[in-house]
Every structure is written in C-alpha cells, then in structure tokens.
Amino acid sequence: MKARKKPNEALDRILSIYPRRWTPNREDPFKALIRTILSQNTNWRNEDKAYRRLEEAISVTPNTISAASFTDIADAIHPAGMYNQRSTIIKEVTKKVLALYDGDLTQVLSKPYPEAREELMKLPGVGKKTADVVLLFNAGKLVLPVDRHIARISKRLGLVPSNADYDTIRLTIEGGTAPENYMDAHIKLIQFGRDVCRAIKPRCGICPISDLCSFPTEAVRNKKSPNETESSLKRRKRAE
Ligand code: SF4
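811 is the number of the first residue of the sequence shown in my numbering; add one for each residue after it.
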C-alpha cells in the first residue's frame, strides 16, 4: 500500500501564512446552526447576505422562525440559492429543536463530542460537517470540520486517497496539528483554498507548499498553474 504523506509540515506552513489567530465566537447555537445550513453549497458572501436578511426580516430564534411563513423565509434567504429547499429544512429543523429541546440547543452542546455530534445529526439538514462546525465554534469541542476546500487540498497534497471520506480526511488533518489549533487550521485552510489552491486554476506557481504537493508536478516544477501550462501547450501546438 502506498505510504501517505504526513500533514504536519503543510499545515504548519499554511498556518504561518495568515497571521490572525481565531478564537471561538460562542454565538447562540441555534443561530449558528441556521447560518451553517445556509452555508452549505454556497460561498461565504451569499451565505452572509442571506443570514443578515433573515435576521432583519424575521430574526433568527426558534420562535420567530416557527411563526414565520415558508415564503417569507425563502424570500429572505434568496441570496444563498436553493431557497425553497433551504426554507423547508429551516422550518423542519426549527420544529425539531422546539419539540426536542424547547428551543435550547445548549443542552446538546454540553454533551461529549461523539454524543453531541450524533444527536445534532438527527436534526434535518445536519450532516457531519454542519454538526462539527457548530461543535467547534459554539461548544469549543476539539474537532476540525472538513469543508470542500479542505477536502480538495488534502487530496491534492496526497495526504488522503482521492476517494477518502469525510472522517478519514478529518482524522488525518487533525493528526497534523495540536488540538488548540483546530479552529485556526479550519479557517486558514479554507482561506488557502480560496486564495491559492482554488478548485479551478489552482495557483501552483505561487504556492508555498508546492514542494510538498502530489498534484500537477510538472506545472509545479515549472512554477506555472496547470491551466496556464495546458493553455501554453495548446498555443505551442497550434503554432507548430
Ligand atoms: S501546488 Fe497547487 S495543487 Fe498543490 S497545494 Fe499548492 S496550489 Fe494546491
């Protein structure tokens, strides 16, 4: 079996690129849950816009969301996309939070990580990532949630197999840094995925960890992004 690389050096370097150190915001867990549901499959700007509109139009509490109409919620969260689907999930999750916890999620968050995660994941629209984000940011649990940027970077670096599942990536990345860095690593890896290791046109030519990367080795050696390399090859072919 092919030996996998260790994430420690790559993580150390990525952490050192961005100087700000992040600390938990301990936002109300229900608000955090709704915000995280809005963040699924959309970018940060659209998620933030949708969340602010929802706060302004309805206010994000179990009681106000429960009293609001499906259409008013869908209108408010329009910028996040898939607003009808999300509006249904938001209504359903609110109904459950009121029925099971009387609107107060702090009792779930105070449980040990595996138990709290399992319980959160029984709520509609809450998968592993959403549960882990709420547990890290709002309950200070020692977990490093994996989003699409973190999954992509881990696979390109060769830290995990290309078909690795959520928990394999999470445990690998968690093993690469101290637990007190999990929040910092989560935020900075996402930033790195947006700035450098982009899904389309990764900026391998300026990447500070290109020497550790298994992705487009030729492009990295040439200090060009793979897309630049590909287009220059095509140009050369046309000229021949
Ligand atoms: S070399 Fe390219 S693919 Fe590898 S981590 Fe850097 S930007 Fe991503």
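In this text, a Cβ means the ideal position worked out from N, Cα and C, and glycines have one as well. Just so we're clear, the structure is a prediction, and the values are computed from it rather than from any experiment.
Proximity below 9 Å, CB of residue i to CB of residue j
i     : j     : result
T940  : T846  : yes
P817  : T982  : yes
I1019 : A820  : yes
T987  : A995  : yes
L952  : P989  : yes
I899  : P934  : yes
N894  : A884  : yes
A842  : N948  : yes
F1025 : C1014 : yes
A890  : E866  : no
I875  : K906  : no
L945  : L969  : no
L765  : H959  : Nothing can be reported for residue 765: it is not among the residues displayed for the chain, which extend from 811 to 1050.
R927  : D942  : yes
L919  : K815  : no
Y976  : E984  : no
Ligand 1 heavy atom lying under 8 Å from the CB of residue i
i     : result
S826  : no
R966  : yes
I1010 : no
R1013 : yes
F1025 : yes
V918  : no
I997  : no
V1067 : The requested residue 1067 is not part of the displayed model; the chain covers only 811 to 1050.
S972  : no
I1019 : yes
V1006 : yes
I963  : yes
Closer than 9 Å to chain D by CB, residue i
i    : result
Y893 : The chain labelled as chain D is not found in the depicted structure, where only one protein chain is given.
Length at least 4, wholly inside the region 879 to 958: the alpha helix (DSSP H) runs in chain order: The alpha helix (DSSP H) runs of length 4 or more contained entirely in the region 879 to 958 are, from start to end of the chain, 880 to 886, 893 to 911, 916 to 919, 923 to 930, 938 to 949.
Could you tell me which whole alpha helix (DSSP H) segments of length 4 or greater appear in the region 982 to 1008? Scanning the region 982 to 1008 from its first residue to its last, the whole alpha helix (DSSP H) runs of 4-plus residues come out as 992 to 1005.
Please give me, in chain order, every unbroken run of the alpha helix (DSSP H) with length at least 4 that falls completely inside the region 835 to 869. Along the length of the region 835 to 869, whole alpha helix (DSSP H) runs at least 4 residues long occupy 839 to 849, 854 to 867, reported in chain order.
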